[in-house]
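Residue numbers (the working numbering): 13 to 259.
Where is the CB? At the ideal position from N, CA and C, for every residue including glycine.
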Amino acid sequence: MNPLFTSRLLLLTVVLNFISKSAFSLSLPMTSSEYLKIRSQLIDENESRRLGSHLVLSSSELFVNNIFMKEKKTLIESSRLNKTVFFPTESFYKSKRLIDESYLFELIHKMPKGAALHTHDLSMVSLDWIIHNATYRENVYMCIWKQSYLFKVFKTQPLETDCHWKLVSKERQNSKDVEAFDMALRNNLSLVSADPFLSFQDNQAAWLRFGRYFRQVICIKVEARTFLVQLNVLPESGKPKTVKVTD
13 MNPLFTSRLL LLTVVLNFIS KSAFSLSLPM TSSEYLKIRS QLIDENESRR LGSHLVLSSS
73 ELFVNNIFMK EKKTLIESSR LNKTVFFPTE SFYKSKRLID ESYLFELIHK MPKGAALHTH
133 DLSMVSLDWI IHNATYRENV YMCIWKQSYL FKVFKTQPLE TDCHWKLVSK ERQNSKDVEA
193 FDMALRNNLS LVSADPFLSF QDNQAAWLRF GRYFRQVICI KVEARTFLVQ LNVLPESGKP
253 KTVKVTD
(Lines of atoms letter the chains of each structure in order from A; the text may use other names.)
(Lines give C-alpha, C1' and ligand atoms only; values in the text may rest on other atoms or scores of the structure.)
Protein backbone atom coordinates (compact mmCIF):
# COMPACT_ATOMS: atom_id res chain seq x y z
CA MET A 13 0.00 0.00 0.00
CA ASN A 14 1.19 3.51 -0.80
CA PRO A 15 2.84 4.98 2.37
CA LEU A 16 1.30 8.41 1.74
CA PHE A 17 -2.16 6.87 1.41
CA THR A 18 -1.58 4.86 4.59
CA SER A 19 -0.56 7.93 6.61
CA ARG A 20 -3.58 9.88 5.38
CA LEU A 21 -5.88 6.97 6.19
CA LEU A 22 -4.41 6.75 9.69
CA LEU A 23 -4.89 10.49 10.22
CA LEU A 24 -8.49 10.26 9.04
CA THR A 25 -9.08 7.34 11.42
CA VAL A 26 -7.69 9.34 14.33
CA VAL A 27 -9.89 12.33 13.48
CA LEU A 28 -13.05 10.24 13.16
CA ASN A 29 -12.24 8.35 16.34
CA PHE A 30 -11.69 11.59 18.22
CA ILE A 31 -14.95 13.08 16.99
CA SER A 32 -16.92 9.92 17.78
CA LYS A 33 -15.60 9.86 21.36
CA SER A 34 -16.08 13.57 21.98
CA ALA A 35 -19.09 14.81 23.84
CA PHE A 36 -19.15 18.20 22.18
CA SER A 37 -21.13 19.13 19.12
CA LEU A 38 -19.63 21.50 16.61
CA SER A 39 -21.47 24.77 16.47
CA LEU A 40 -20.63 27.63 14.18
CA PRO A 41 -19.30 30.18 14.61
CA MET A 42 -16.62 28.78 16.93
CA THR A 43 -14.52 31.04 19.11
CA SER A 44 -10.74 31.03 18.82
CA SER A 45 -10.32 29.55 22.28
CA GLU A 46 -12.78 26.72 21.49
CA TYR A 47 -10.98 25.97 18.24
CA LEU A 48 -7.54 25.95 19.90
CA LYS A 49 -8.82 23.68 22.66
CA ILE A 50 -10.24 21.16 20.17
CA ARG A 51 -7.09 21.41 18.06
CA SER A 52 -4.90 20.74 21.11
CA GLN A 53 -7.01 17.72 22.06
CA LEU A 54 -6.73 16.32 18.54
CA ILE A 55 -2.94 16.77 18.50
CA ASP A 56 -2.62 15.09 21.91
CA GLU A 57 -4.76 12.19 20.70
CA ASN A 58 -2.61 11.79 17.61
CA GLU A 59 0.69 11.99 19.52
CA SER A 60 -0.51 9.43 22.07
CA ARG A 61 -0.66 6.87 19.26
CA ARG A 62 2.97 7.33 18.28
CA LEU A 63 5.50 4.62 19.01
CA GLY A 64 7.17 5.31 22.35
CA SER A 65 4.73 8.08 23.25
CA HIS A 66 4.37 6.71 26.79
CA LEU A 67 8.10 6.38 27.47
CA VAL A 68 9.53 8.63 30.16
CA LEU A 69 13.00 9.95 29.30
CA SER A 70 15.70 10.32 31.91
CA SER A 71 17.41 13.67 32.47
CA SER A 72 20.35 12.58 30.30
CA GLU A 73 18.02 11.40 27.54
CA LEU A 74 16.10 14.66 27.69
CA PHE A 75 19.37 16.58 27.40
CA VAL A 76 20.34 14.68 24.24
CA ASN A 77 16.81 14.88 22.84
CA ASN A 78 16.86 18.67 23.24
CA ILE A 79 20.04 18.81 21.17
CA PHE A 80 18.38 16.83 18.38
CA MET A 81 15.18 18.88 18.50
CA LYS A 82 17.13 22.14 18.44
CA GLU A 83 19.01 21.00 15.34
CA LYS A 84 15.79 19.84 13.66
CA LYS A 85 14.16 23.22 14.31
CA THR A 86 17.26 24.95 12.95
CA LEU A 87 16.94 23.02 9.68
CA ILE A 88 13.25 23.83 9.40
CA GLU A 89 13.67 27.53 10.19
CA SER A 90 16.69 27.85 7.91
CA SER A 91 14.67 26.42 5.05
CA ARG A 92 11.72 28.70 5.79
CA LEU A 93 13.68 31.91 6.24
CA ASN A 94 16.40 31.38 3.63
CA LYS A 95 14.17 29.62 1.09
CA THR A 96 16.59 26.70 0.96
CA VAL A 97 15.72 23.08 0.21
CA PHE A 98 13.71 21.35 2.93
CA PHE A 99 14.79 17.71 2.81
CA PRO A 100 11.36 16.04 3.34
CA THR A 101 9.88 17.93 0.37
CA GLU A 102 12.45 16.54 -2.05
CA SER A 103 12.76 13.12 -3.61
CA PHE A 104 15.04 10.95 -1.49
CA TYR A 105 17.20 10.42 -4.56
CA LYS A 106 17.91 14.14 -4.58
CA SER A 107 17.95 14.84 -0.85
CA LYS A 108 20.14 11.90 0.27
CA ARG A 109 23.38 13.77 -0.39
CA LEU A 110 22.08 16.79 1.55
CA ILE A 111 21.02 14.55 4.43
CA ASP A 112 24.40 12.82 4.52
CA GLU A 113 26.15 16.19 4.75
CA SER A 114 23.90 17.58 7.50
CA TYR A 115 25.05 17.99 11.09
CA LEU A 116 21.86 16.33 12.32
CA PHE A 117 22.63 13.16 10.38
CA GLU A 118 26.17 13.22 11.75
CA LEU A 119 24.73 13.23 15.28
CA ILE A 120 22.31 10.40 14.51
CA HIS A 121 25.08 8.39 12.87
CA LYS A 122 27.12 8.52 16.08
CA MET A 123 24.24 7.43 18.29
CA PRO A 124 24.02 3.79 19.48
CA LYS A 125 21.23 1.89 17.74
CA GLY A 126 19.14 -0.10 20.20
CA ALA A 127 16.46 -1.46 17.88
CA ALA A 128 15.19 -1.50 14.33
CA LEU A 129 11.54 -1.98 13.47
CA HIS A 130 12.17 -3.22 9.96
CA THR A 131 15.48 -3.91 8.26
CA HIS A 132 16.73 -5.59 5.09
CA ASP A 133 20.01 -7.20 6.09
CA LEU A 134 21.65 -6.83 2.68
CA SER A 135 20.93 -3.11 2.61
CA MET A 136 22.14 -2.25 6.11
CA VAL A 137 25.67 -1.48 4.98
CA SER A 138 26.62 1.17 2.46
CA LEU A 139 26.86 0.39 -1.22
CA ASP A 140 30.44 1.64 -1.21
CA TRP A 141 31.28 -0.99 1.41
CA ILE A 142 29.75 -3.75 -0.72
CA ILE A 143 31.77 -2.65 -3.75
CA HIS A 144 35.08 -2.16 -1.96
CA ASN A 145 34.79 -5.07 0.46
CA ALA A 146 32.42 -7.86 -0.55
CA THR A 147 33.31 -7.83 -4.26
CA TYR A 148 37.03 -7.83 -3.43
CA ARG A 149 36.84 -11.14 -1.60
CA GLU A 150 38.04 -14.45 -3.02
CA ASN A 151 35.84 -16.56 -5.28
CA VAL A 152 33.32 -13.80 -5.95
CA TYR A 153 31.98 -14.11 -9.50
CA MET A 154 29.82 -11.85 -11.61
CA CYS A 155 27.70 -12.17 -14.71
CA ILE A 156 25.36 -9.95 -16.72
CA TRP A 157 21.66 -10.78 -16.39
CA LYS A 158 19.06 -8.53 -18.02
CA GLN A 159 21.56 -5.65 -18.06
CA SER A 160 22.25 -6.16 -14.36
CA TYR A 161 25.35 -7.52 -12.65
CA LEU A 162 24.72 -10.61 -10.53
CA PHE A 163 27.19 -11.69 -7.87
CA LYS A 164 27.76 -15.19 -6.49
CA VAL A 165 30.45 -17.07 -4.63
CA PHE A 166 31.76 -20.32 -6.13
CA LYS A 167 34.67 -22.54 -5.16
CA THR A 168 35.40 -22.99 -8.86
CA GLN A 169 34.08 -21.24 -11.94
CA PRO A 170 30.83 -22.87 -13.17
CA LEU A 171 31.08 -24.04 -16.77
CA GLU A 172 27.57 -24.81 -18.00
CA THR A 173 25.11 -22.14 -16.91
CA ASP A 174 22.75 -19.68 -18.57
CA CYS A 175 24.90 -16.85 -17.27
CA HIS A 176 28.60 -16.60 -18.13
CA TRP A 177 30.29 -16.21 -14.74
CA LYS A 178 33.58 -14.35 -14.53
CA LEU A 179 35.86 -13.87 -11.54
CA VAL A 180 35.43 -10.29 -10.34
CA SER A 181 39.09 -9.95 -9.36
CA LYS A 182 40.21 -10.88 -12.90
CA GLU A 183 37.66 -8.59 -14.53
CA ARG A 184 38.81 -5.76 -12.30
CA GLN A 185 42.46 -6.45 -13.17
CA ASN A 186 41.74 -6.68 -16.89
CA SER A 187 39.79 -3.43 -16.88
CA LYS A 188 43.05 -1.42 -16.56
CA ASP A 189 41.08 1.20 -14.63
CA VAL A 190 40.07 -0.11 -11.23
CA GLU A 191 38.31 3.08 -10.19
CA ALA A 192 36.15 3.15 -13.32
CA PHE A 193 35.39 -0.57 -12.97
CA ASP A 194 34.24 -0.17 -9.38
CA MET A 195 32.17 2.87 -10.32
CA ALA A 196 30.46 0.83 -13.05
CA LEU A 197 29.57 -1.84 -10.47
CA ARG A 198 28.27 0.82 -8.11
CA ASN A 199 26.13 2.54 -10.74
CA ASN A 200 24.66 -0.79 -11.79
CA LEU A 201 23.69 -1.70 -8.23
CA SER A 202 22.56 1.72 -7.05
CA LEU A 203 18.94 2.83 -7.15
CA VAL A 204 20.06 6.45 -7.24
CA SER A 205 19.20 8.00 -10.59
CA ALA A 206 20.10 11.32 -12.20
CA ASP A 207 16.42 11.64 -13.13
CA PRO A 208 14.40 9.51 -10.67
CA PHE A 209 11.07 10.73 -12.03
CA LEU A 210 11.99 9.39 -15.44
CA SER A 211 13.52 6.15 -14.15
CA PHE A 212 10.67 5.41 -11.72
CA GLN A 213 7.47 6.74 -13.20
CA ASP A 214 5.35 4.94 -10.61
CA ASN A 215 5.70 3.00 -7.36
CA GLN A 216 5.65 -0.33 -9.17
CA ALA A 217 8.75 0.58 -11.18
CA ALA A 218 10.57 1.59 -8.00
CA TRP A 219 9.59 -1.63 -6.21
CA LEU A 220 10.75 -3.77 -9.15
CA ARG A 221 14.14 -2.03 -9.14
CA PHE A 222 14.31 -2.41 -5.36
CA GLY A 223 13.73 -6.16 -5.63
CA ARG A 224 16.26 -6.48 -8.43
CA TYR A 225 18.97 -5.08 -6.19
CA PHE A 226 18.53 -7.92 -3.70
CA ARG A 227 18.60 -10.50 -6.48
CA GLN A 228 21.89 -8.96 -7.57
CA VAL A 229 23.63 -9.32 -4.21
CA ILE A 230 21.74 -11.98 -2.25
CA CYS A 231 24.03 -14.79 -3.37
CA ILE A 232 27.01 -13.24 -1.62
CA LYS A 233 25.15 -13.76 1.66
CA VAL A 234 27.86 -16.26 2.62
CA GLU A 235 29.72 -13.09 3.50
CA ALA A 236 26.98 -12.26 6.01
CA ARG A 237 29.46 -12.40 8.89
CA THR A 238 31.38 -9.48 7.42
CA PHE A 239 28.11 -7.54 7.13
CA LEU A 240 27.51 -8.00 10.87
CA VAL A 241 31.08 -7.06 11.74
CA GLN A 242 30.74 -3.91 9.64
CA LEU A 243 27.50 -3.07 11.46
CA ASN A 244 29.23 -3.61 14.82
CA VAL A 245 26.74 -6.36 15.68
CA LEU A 246 29.29 -9.17 15.54
CA PRO A 247 32.82 -8.53 16.85
CA GLU A 248 35.85 -9.70 14.90
CA SER A 249 36.37 -12.39 17.55
CA GLY A 250 34.55 -13.65 20.59
CA LYS A 251 30.87 -14.08 21.29
CA PRO A 252 28.35 -12.16 19.20
CA LYS A 253 26.46 -9.30 20.76
CA THR A 254 22.87 -9.96 21.77
CA VAL A 255 20.51 -9.13 18.93
CA LYS A 256 16.78 -9.63 19.33
CA VAL A 257 14.92 -10.22 16.08
CA THR A 258 11.13 -10.08 16.01
CA ASP A 259 8.65 -10.65 13.23
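Check your understanding: Nearest CA to the CA of Leu-110: which residue from Trp-141, Ser-91, Met-42?
Key -> Sequence index remark: in the sequence shown, residue 110 carries index 98 (1-based). Closest by alpha carbon: Ser-91.
Check your understanding: Is Cys-175 helix, strand or coil when you go by DSSP?
Key -> By 1-based counting over the sequence shown, the position of residue 175 is 163. Cys-175: coil per DSSP, three-state reduction.
Point to revise | Outcome for Tyr-115 when other beta-carbon atoms lying within 10 angstroms are tallied against a minimum of 16 | key: Here residue 115 is taken as the residue at index 103 of the sequence shown, counted from 1. The residue in question, Tyr-115, is exposed, as its Cβ has fewer than 16 Cβ neighbours within 10 Å.
**Study point:** DSSP beta-bridge partners of Lys-182
**Key:** What you label residue 182 is simply residue 170 of the sequence shown in a count that begins at 1. DSSP output for Lys-182 lists no bridge partner at all.
Review point. Is it right to say Leu-74 is buried, meaning 16 or more other beta carbons lie within 10 angstroms of its own, or is it exposed?
Key: Against the sequence shown, residue 74 aligns to sequence position 62. Leu-74 comes out exposed.
Practice item. Return the CA-CA distance between Leu-63 and Glu-89, expressed in angstroms with no decimal places. Key: In the sequence shown, residue 63 corresponds to position 51, counting from 1. In the sequence shown, residue 89 corresponds to position 77, counting from 1. About 26 Å.
**Study point:** Cβ-Cβ distance between Phe-222 and Leu-210 below 8 Å
**Key:** By one-based count along the sequence shown, residue 222 stands at place 210. By one-based count along the sequence shown, residue 210 stands at place 198. No, Cβ-Cβ distance for Phe-222 and Leu-210 is not below 8 Å.
Practice item. Count the C-beta pairs between the region 94–114 and the region 124–140 that are closer than 8 Å, then say yes if the count reaches three, no if not. Key: no
Exercise for review: Measure the C-alpha to C-alpha separation of Phe-226 and Met-123 and round it to an integer number of angstroms.
Suggested key: If you number the sequence shown from 1, residue 226 lands on position 214. If you number the sequence shown from 1, residue 123 lands on position 111. The straight-line gap from Cα to Cα measures roughly 27 Å.
Exercise for review: Find out if the Cβ-Cβ distance for the pair Val-180, Val-152 is shorter than 8 Å.
Suggested key: Residue mapping note: residue 180 aligns to position 168 of the sequence shown, counting from 1. Residue mapping note: residue 152 aligns to position 140 of the sequence shown, counting from 1. Against a cut-off of 8 Å, the Cβ pair of Val-152 and Val-180 comes out as a contact.
Review point. Do you know how far the Cα of Arg-61 is from the Cα of Ala-35?
Key: Locating residue 35 in the sequence shown gives position 23, where the first residue counts as 1. Locating residue 61 in the sequence shown gives position 49, where the first residue counts as 1. The predicted model places Ala-35 with a pLDDT of 45, which falls under 50 and marks its position as unreliable; any figure quoted below should be read in that light. Taking the straight line from one Cα to the other gives about 21 Å.
Point to revise | For Val-152: DSSP bridge partner residues | key: Here the question's residue 152 lines up with position 140 in the sequence shown. Bridge partners of Val-152: Val-165.
Point to revise | Coarse secondary structure for Ser-205, derived from DSSP in three states | key: Along the sequence shown, read from residue 1 onward, the residue named residue 205 stands at position 193. In the structure shown, Ser-205 sits in coil (DSSP, three-state: anything other than H, G, I, E or B).
Check your understanding: According to DSSP, which residues form a beta bridge with Trp-157?
Key -> Taking the first residue of the sequence shown as 1, we reach residue 157 at position 145. Trp-157 pairs with Ser-160.
Review point. Whose C-beta lies closer than 6 Å to the C-beta of Thr-168 among residues of the same chain, with five residues either side of it excluded?
Key: To locate residue 168, count along the sequence shown from 1; it is residue 156. No residues qualify anywhere along the chain.
Exercise for review: Pull up the distance between the alpha-carbon of Met-195 and that of Glu-118, whole angstroms please.
Suggested key: On the sequence shown, position 183 is the one that residue 195 refers to. On the sequence shown, position 106 is the one that residue 118 refers to. Approximately 25 Å between the Cα atoms of the pair.
Check your understanding: Would Lys-164 be called buried (16 or more neighbouring beta carbons within 10 Å of its own) or exposed?
Key -> What you label residue 164 is simply residue 152 of the sequence shown in a count that begins at 1. Buried.
Check your understanding: Cβ atoms of Ala-206 and Phe-212: under 8 Å apart, would you say?
Key -> As a first step, residue 212 is located in the sequence shown; it is residue number 200 there, counting from the start. As a first step, residue 206 is located in the sequence shown; it is residue number 194 there, counting from the start. Contact: no.
Review point. When the Cα atoms are used, what is the spatial distance from Lys-125 to Tyr-47?
Key: One-based indexing of the sequence shown puts residue 125 at position 113. One-based indexing of the sequence shown puts residue 47 at position 35. Using only the alpha carbons, I get a separation of about 40 Å.
Exercise for review: Whole angstroms is fine: what's the gap from Leu-162's alpha carbon to Cys-155's?
Suggested key: Locating residue 162 in the sequence shown gives position 150, counting from the first residue. Locating residue 155 in the sequence shown gives position 143, counting from the first residue. Approximately 5 Å between the Cα atoms of the pair.
Point to revise | Three-state class that DSSP yields for Gln-213 in the structure shown | key: Here residue 213 is taken as the residue at index 201 of the sequence shown, counted from 1. Residue state for Gln-213 is assigned as coil, using DSSP reduced to three classes.
**Study point:** For Tyr-105 and His-144, the rounded distance between their alpha carbons
**Key:** Looking up residue 144 in the sequence shown gives position 132. Looking up residue 105 in the sequence shown gives position 93. So the two alpha carbons sit approximately 22 Å from each other.
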